[in-house]
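Just below is one structure, and these are the notes that go with it.
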Amino acid sequence: MRYLPLTDADRAEMLGAVGVGSIDDLFADVPADKRLTGLPALPLHQSEIAVERKLAALAARNVPAGSVPFFVGAGAYRHHVPATVDHLIQRSEFLTSYTPYQPEVSQGTLQVLFEFQSQVSRLTAMEVANASMYDGSTGAAEAVAMAHRITRRNKAVVSGGVHPHYRGVMRTVSRMAEDRIDTLDPDPTGTEDLLARIDGETSCVVVQSPSFYGHLIDLKPIAEKAHAVGALLIAVFTEVVSLGAVEPPGTQGADIVVGEGQSLGNPLTFGGPYVGLFATREKFIRQMPGRLCGETVDADGKRGFVLTLSTREQHIRRDKATSNICTNSGLCALAFTIHMTLLGETGLTRLARLNHANAVKLADALKAVPGVTVLNDTFFNEFTVRLPANAAEVVEKLARKGVLGGVPASRLEPKRTDLDDLLVVASTEVNTDEDRAAFVTALKEVL
Amino acid sequence: MAMNTQGRPTAPTAGPAGGPETAAPKTFTGNRGLDVEEKLIFETGRLEATGVDVEDPGEFQSRLGAHARKAPIGLPGLTEPETMRHYVRLSRQNYAIDLGLYPLGSCTMKHNPRLNEKLARLPGFGDVHPLQPLSTVPGAVDLIAELGRWLLELTGMASVAMSPKAGAHGEYCGMAAIKAAIAARGETRSIVLVPESAHGTNPATAAALGFKVVPVPAREAGTVDPEAVKARLSSDVAAIMLTNPNTCGLFERDVVAIADAVHEAGAYFYADGANFNAIVGKVRPGDLGVDAMHINLHKTFSTPHGGGGPGAGPVVLSEKLAPFAPVPFVRFNPDGSGEFVETRKQAGDTATPFGRITAFHGQMGMFVRALTHMMSHGADGLRQASEDAVLSANYVKARLSDVMTVAFEDRPAMHEVLFDDRFLDGTGVTTLDFAKAMIDEGYHPMTMYFPLVVHGAMLIEPTESESKASLDQFIGTLRHLAGKAKAGAVDDFKSAPRLAPRRRLDETRAARQPKLVWSDPADEGRAEAAE
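Chains as they are written, first to last, in the working numbering: chain A, 163 to 609; chain B, -7 to 523.
Printed below as a string of structure tokens:
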């Protein structure tokens, strides 16, 4: 077995040193009647080539995004990731290290986390950021719990423009914690009256911009109303590239910002692993979930970095911790930071502009298709169209024509039959004029 | 349970600042040969620099409305060669499994095969979107189903929830299923029993679900006493969260009696699967009475830890809990194919999912890696891996027991062995000092000050990935250090490490004056002047 260095001779010698006759003597504490007598009913070990053959056959049955005109978004986006990123994250020293508990031999990871936190803080225009969450959706649920701790209230008000999966996660976590949650109806037009739902019992208001349906939302009046009643504003985004073009939540009064960082550095991978971004105001740092990296000095006075404020965390505080999170998304955060460093301010703003331009071109092309209307006045790289047909069926027909043409709203809101004709469509820098033309042609054919 | 006061933030203690090892000549750059000091990108990058050429779309009518960004972001960039050099240099300041034995107990730092990385990057896995039509991803669904089948066979359980993102998230998933199952019986139960030796995630998870945590003390022998459990059981107890093998590296001998008592009281048995690596192919948790258990794919099944994630924590469930698994899950069809259930509506009458715990479907990238690992090892290799992991831990224990103090000498260790600090009594050397001295010898330290049930804990998990020569060198190193401590070389320990990229860091200062993001010293200067 190629992965196991011990030889039978080694094993015999080691058993002798331990002073037992057989390996099963070391399992003596396992109840004898429960021990397996034979091997599990699974295939035996296989060569590298055999495993590769089998998994490659499974992979070949899927349609990769890069092989077709591709307009699927709704919380995960196909961007071009520079080759440098994937090379660097496969450096052994990054890939095969643990959480940096021993800072003297983990400065590489720690400095990356400090850079990551600093980048996230600047992107969101917030004072501090943590070292990542699992993804945007779990980060959003953690933000709600954090707001409850800060305000000592337990009612969250969640906009209908928030990603339905994120709403689902927040709803589950709130129900389990026996907190209250007021989720507004899905808001495909970006016109809901959120302010009317905010009252003196509200702990936090959760708003996504660009919204799930693509609308850009003015957070300022929501922040003002929330703050007036002693509540916090939690701003959510699922497309971090948008921050290269639109006003950041931090300048609009957000108290906690959570987002999905997958777009930078991380492939689609059928939904994970991704990387949650989490930023807030400095005064709230002791209520934050997750790992935090901080600057300090070593015994020689040299600058160095450590995990810090660990007295918030489960391994110290146990049932009084701010979160149960332990492992986060270290390597995905690394990929994010390398991609962000490669882009810099100049590259990010250009990338955002190109995304927006491609989405504008797509919206203009789609609305010229008879029966199709675009619901958005504003958007970044994603918007919603109303079709003269069931959107899920249209998407299937498009797929058969070799176009992956967006996400039917009904896939995420199955109970809302009034959304059946809505299609959420994204366009990023990877799309070409030919892709858009193929989409329009195919859509005309299937409608 | 008392708060953990061991292993709290430390600051370097006063001691000899140098010693001959650090008397290397001072250099102009501050670099020491291959050890290069690397600044932050905020100190070397420029707003106008970029390592990505982006096409100009030309003129178009913006649809950002009044939302266009008004102020600069303040993000420095680097060109591609500068970026490459910056992060390669930083990488060299990390320890890693690929560099050496990584004995971090309860973390299972085993070899990460590169075939796993290669296959996870196949476009059919890496470049598929979670919401593209299911008709375009049958291979992805089948892969998840196939991994699920392996996990069920190895654990002897009825069902598996695949979406949890990491071990602690899996705990949340399993305990939420338990809460939902109790509610479905028309009951409310408010207490969760957690042994003192448990990972901190266990009580934190229970608390996040609104449960009250009642600790169960460990016996002298390091295991949980079924009588102590029974004494705490009542109609208000929802579950026990038990790690087996436990964090003392011992198999809970009375696990069946504990499970029976818990079930008798109408409660559930949650098993923390962090230490599953000891028993794969040897015993199935389902046969021990477990109702729910997460499996850390990043421990047992070798998906890389990546400097702190991503992990993956699928949760296997018993027959009783299976209906409550969160969406999405994979339903197994009689023909062996997997059917993807995304919503409660699709779940139909046979299931009552408790909700959703993450966007999308879970850590697909980790699923590919884990299944690759499992198929490569096969039933025989997986069992051999567990046996080798256990044998290696016992070998380390046997070869060190005369110079270090084994916390629980009498019972066989499982895949990890726990030492305490009695062997350092009177030397002036602490567990922390001992660990830091290992760094100078080229090793990552073991887990320190955990579990909390012994003083100055040192938890060593060598895993199955080490050759005997590697184990012997590690053992020799620890024997040398133990001897050196007893010989009175306390100053060498207090000043360690001296040969790492950094010496001991001032954690106390980091916590008292938190600096979590970079700020321009010029800005700070202006702010101070204004005050």
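Where is the CB? At the ideal position from N, CA and C, for every residue including glycine.
Local Cβ density within 10 Å of residue i, reported as buried at 16 or more and exposed below that
i	result
B/A314	buried
A/G509	buried
A/F498	buried
B/N236	buried
B/G340	exposed
B/P73	exposed
A/H501	buried
B/N23	exposed
B/E456	buried
A/Q281	buried
B/D413	buried
B/T342	exposed
B/Q505	exposed
A/E444	exposed
B/A514	exposed
Neighbour flag for residue i against chain A, beta carbons, 8 Å
i	result
B/Y79	yes
B/F243	yes
B/R414	no
B/F542	Because chain B is modelled from -7 through 523, residue 542 of chain B falls outside the range shown and cannot be assessed.
B/M358	yes
B/D515	no
B/E13	Confidence is the limiting factor: at B/E13 the pLDDT is only 49, short of 50, which leaves the residue's position unreliable, though a coordinate-based value still follows. No, its Cβ sits nowhere closer than 8 Å to a Cβ of chain A.
B/G43	yes
B/T128	yes
B/Q465	no
Contacting residues, own chain, Cβ-Cβ under 8 Å from residue i (five flanking each side not counted)
i	result
A/T603	none
B/S98	H191, T239, A266, N267, E408, T439, F442, L451 and E453
A/H207	M163
A/V531	V602, L605, K606 and L609
B/E13	Low per-residue confidence applies at B/E13: pLDDT is 49, beneath 50, and the placement is therefore not dependable, though the value from the model is reported in the following sentence. If we look at B/E13 and ignore the five residues flanking it on each side, its Cβ neighbours are D432, R490 and L491.
A/T546	P350, Y375, G376, V536, L537, N538, A571, L584, L585, V586 and V587
Short CB-CB distance (under 8 Å) between residue i and chain B
i	result
A/E507	yes
A/N552	no
A/I447	yes
A/V569	yes
A/L549	no
A/I500	yes
A/L582	The amino acid occupying residue 582 of chain A in the given sequence is Asp; Leu does not appear at that position. So, not an interface residue.
A/I487	yes
A/K196	yes
A/T261	yes
A/Y375	no
A/L285	yes
Contacting residues, own chain, Cβ-Cβ under 6 Å from residue i (five flanking each side not counted)
i	result
B/A173	L313 and F316
A/L471	L454
A/I251	L493, L496 and A497
Residue i: contacting residues in chain A (beta-carbon distance under 8 Å)
i	result
B/G354	G433 and G434
Under 9 Å from the C-beta of residue i: neighbouring residues of chain B
i	result
A/Y328	A351
Chain-order list of residues whose beta-carbon lies under 7 Å from that of residue i (same chain, five-residue window excluded)
i	result
B/F400	A213, G214, C240, L242 and L410
A/L513	V403, G406, L505 and E591
A/R197	F189
B/A153	C165, P306, V307, L309, A317, P318 and F321
Contact set between residue i and chain A, taken where Cβ atoms lie within less than 9 Å
i	result
B/L70	T503, L504 and G506
Partners in chain B for residue i, counting only beta-carbon separations shorter than 8 Å
i	result
A/F399	By Cβ distance, chain B contributes nothing, its closest Cβ being about 12 Å from A/F399, past 8 Å.
Interface partners of residue i on chain A, CB under 7 Å
i	result
B/K476	None at all; the shortest Cβ gap to chain A is about 19 Å.
Cross-chain neighbours of residue i in chain B, by beta carbon under 7 Å
i	result
A/S280	F34, V509 and W510
Residues of the stretch 99 to 125 of chain B whose Cβ lies closer than 7 Å to any Cβ of chain A, in chain order: C99, M101, H103, N104, P105, L107, E109, L111, L114, P115, G116, F117, G118, D119, V120, H121, P122, L123, Q124 and P125
Where the stretch 348 to 372 of chain A meets chain B: residues whose CB sits under 7 Å from a CB there: none
Residues of the stretch 360 to 373 of chain B with Cβ closer than 9 Å to any Cβ of chain A, in chain order: Here the close residues are V360, L363, T364, H365, M366, M367, S368, H369, G370, A371, D372 and G373.
Interface positions of the stretch 287 to 317 of chain B facing chain A (Cβ-Cβ less than 9 Å), listed along the chain: N288, H290, S294, P296, H297, G298, G299, G300, G301, P302, G303, A304 and G305
Contact residues within the stretch 80 to 94 of chain B, judged by C-beta distance below 9 Å to chain A: V80, R81, L82, S83, R84, Q85, N86, Y87, A88, I89, D90, L91 and Y94
Where the stretch 415 to 430 of chain A meets chain B: residues whose CB sits under 7 Å from a CB there: P429 and L430
Contact set between the stretch 527 to 543 of chain A and chain B, restricted to residues whose Cβ is under 9 Å from the partner: N538, D539, T540, F541 and F542
Chain A contacts made by the stretch 172 to 205 of chain B, where a contact means CB separation under 7 Å: Result list: G192, T193, P195, A196, T197, A198, A199, A200, L201, G202 and V205.
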